[in-house]
Amino acid sequence: MSRRGDESEQTIFRPSPLQELRARQQGATLFVTSDRNDAAPGATHDSLPPLPPSSLLPSIDEDFPDPGVARTARNPVREAATPLLALISAVRSGRIDLPLPELHRRASAAAARFDQALLHIGLDVEEQRRARYAVYATVDDVAQTLPGRGAEGVEWARRSMVVRGFGENIGGDRFWMLLADMLAHPADHADLIELYHACLAAGFHGRHRVGNTGSADLNRTMADAYAALPHVRAVSETELVPAWRGRPTPRRTAGAWAPLLLAASVLAGGLLWLLLVLRLILGQTGQPALAAMAAINPQTPLRLSRRADAATQPTSAQQSRIAGLLAPEIAQHLVTLDEDANSVRVRTMIGQLFRSGSDVLEPGRQALFERIARAVAQEHGAIRIEGHADSDPVTSLAFPDNQALSDARAQAVATVFRGLLPDPKRVSSQGFGATRPIATNATAAGKALNRRVEIVVPRTE
């Protein structure tokens, strides 16, 4: 937000609604004057205006009980300047909104009390001058940079706190010169260095208020002043919280069995990892042995060497009944039915029933097995789910070989059947791996046919 004229590019500070204290002065708009405006340096104010009502003074909400031990001032110089620095800091931050004449009147009254307090602290004349100058210069520096003051700011510059206190207009650079001089011998000026640090914190910027590096230089100066303080200024021997230490509790020691249990746990973990590693190795190196075992049984069924006329076997009513219920699936070549003297088989014709290397059904495949389950539900006897795989080797922690994979897939289909049949105990499952192919594993089409699930029901008719 900006204003025209001489107030352009000024920041507008709005007082906090929580701690806003507005001046209720009626009439008085002139700055406080005194017959001793041109007194010599070090002069005090003899004629002071009456203090404003306590409701207009800055206050601090204290919602904590008074300490049991009487409070003592660690730094009496800074303690004496606290009311005046607190006032100007509150105005600077916007917590108190005062016209400059009213601020001048309050600051003058607080400065008079500060001067009186310095007389009883025991400082020499030069130290009193340095303390008074730092506080007065801080008030002037903040007051003259408040936004939106106009002609009141000009009047303040003519009757500044430094002019009233020293009878001359001492430039703000004197602040930095005095601070640098004291920092050269910090042990001799500890209280005053702390006061100057408080003035910087309250808002004195001086020449650092302008320029690109002003903020960085100010922070560096404050850091130097703080580092020079002896605040390892003895840690207080008075404990703020009496019961700040934890309650002593005996440490629970581990029992005699703890080392043995820890060793057993480590050993069990090592054996588990060894088992997994050996299982992976066995799955990779055991494929030739599994292939040799599978080759014991011939790929084609045994037949008599002499020819005989093929016996024609009529289709049973049981097969016809199941085929009628699965007519849409048979027409789409999703399943086929086979029958022998002992059983009727419903065989899937889709190679991609499960996700690769997994026993999880592909999306939409469960509906096919639900349809088959309803078709064979009315038949009598046990229902066996058989899982078959192609000859491609499978090596994983979950399924070390095709036998384990086909068995898991058969169990997955059996779970679907048990959820639909009135008697889940009728359903059993068994995996055969790649031991019972119905087509060659040399082609992708043959492998797709071998990756199948067969639902076997006993023939009753």
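Residue numbering for the sequence shown follows numbering that gives the first Met the number 0, starting at 0 and increasing by one per position. Heads up, the beta-carbon is just placed ideally off N, CA and C, and yes, glycines get one too.
Under a Cβ-count criterion, where at least 16 other Cβ atoms within 10 Å of its own Cβ denotes burial, should residue i be classed as buried or exposed?
i: R451; result: buried
i: Q115; result: exposed
i: D422; result: exposed
i: E125; result: exposed
i: Q351; result: exposed
i: N74; result: buried
i: G202; result: buried
i: L439; result: What sits at residue 439 in the sequence shown is Thr, not Leu. It counts as exposed.
i: V474; result: Summary: the structure shown does not reach residue 474, with the chain confined to residues 0 through 460, and so no result is reported for it.
i: V231; result: Any answer about V231 is weak, because its pLDDT of 48 lies below 50 and its placement is not dependable; what the coordinates show is given next. Per the 10 Å Cβ criterion, exposed.
i: W243; result: exposed
i: R251; result: exposed
i: H119; result: exposed
i: L50; result: Legend: pLDDT at L50 = 45, less than 50; position of this residue unreliable, value from coordinates given subsequently. Exposed.
i: T220; result: buried
i: E151; result: buried
i: V265; result: exposed
i: S390; result: buried
i: T212; result: exposed
i: V456; result: buried
i: R104; result: buried
i: S88; result: buried
i: L463; result: The question about residue 463 has no answer, for the chain in this structure spans 0 to 460.
i: I280; result: exposed
i: A262; result: exposed
i: L273; result: exposed
i: L367; result: buried
i: L260; result: exposed
i: A255; result: exposed
i: A388; result: buried
i: L270; result: exposed
Strictly by DSSP, which residues pair up with residue i?
i: S428; result: I384
i: I192; result: Paired residue(s): none; I192 is not in a bridge.
i: E151; result: Its beta-bridge partners do not exist; DSSP assigns none.
i: R453; result: It should be noted that the sequence gives Glu, not Arg, for residue 453. According to DSSP, which records beta bridges pairwise, E453 is partnered with R346, E385.
According to the Cβ coordinates, are residue i and residue j closer than 8 angstroms?
i: A85; j: E78; result: no
i: E378; j: Q317; result: yes
i: L448; j: R373; result: no
i: M160; j: V138; result: yes
i: I382; j: I437; result: no
i: G386; j: R354; result: no
i: G445; j: S405; result: no
i: Q365; j: V415; result: yes
i: A80; j: A197; result: yes
i: A340; j: I329; result: no
i: R458; j: S315; result: yes
i: W155; j: L99; result: yes
i: L228; j: E193; result: yes
i: A441; j: L360; result: no
i: I384; j: A403; result: no
i: L277; j: L396; result: no
Spatial neighbours of residue i within its chain, please: C-beta separation below 8 angstroms, excluding the five flanking residues on both sides.
i: L217; result: L199, H204, H207
i: V375; result: I321, V345, I382, I454, V456
To which residues of the same chain is residue i closer than 7 angstroms at the C-beta, ignoring the five residues directly before and after it?
i: L191; result: V76, E126, R129, A130, M181
i: G282; result: T394, P399, D400
i: Y195; result: A133, L178, A224
i: I349; result: L333
i: L102; result: V90, A142
i: S92; result: none
i: E369; result: V415, L419
Can you list, in chain order, the residues of its chain with a C-beta nearer than 6 angstroms to that of residue i? Leave out the 5 residues immediately preceding and following it.
i: R112; result: none
i: Y135; result: M160, V161, G164
i: A337; result: The question names Ala, yet the displayed sequence has Asp at residue 337. Excluding sequence neighbours, D337 sits near R344.
i: P82; result: A109
i: T347; result: V334, R451, V452
i: D123; result: none
i: D358; result: A407, R408, A411
i: H188; result: M181
i: E460; result: S315, A316, Q317
Following a CB-centred definition, is residue i positioned closer than 7 angstroms to any heavy atom of the ligand ADP?
i: L324; result: As for the ligand ADP, it is missing from this structure, which has no ligand bound.
Which runs of the alpha helix (DSSP H), 4 residues or longer, sit entirely within the region 73-133? Every alpha helix (DSSP H) stretch that sits fully inside the region 73-133 and reaches 4 residues is listed by chain position as 75-92, 99-118.
Just list the alpha helix (DSSP H) runs in the region 314-392, keeping only unbroken ones of 4 residues or longer that don't cross its boundaries, in chain order. 316-324, 326-330, 364-375
Segments assigned beta strand (DSSP E), at least 3 residues, entirely inside the region 199-242: none
Sequence ranges, alpha helix (DSSP H) only - wholly within the region 239-291, length at least 4: 257-284
To test your reading of the DSSP string, which unbroken alpha helix (DSSP H) runs of 4 or more residues are found completely within the region 393-427? The qualifying runs are 401-417.
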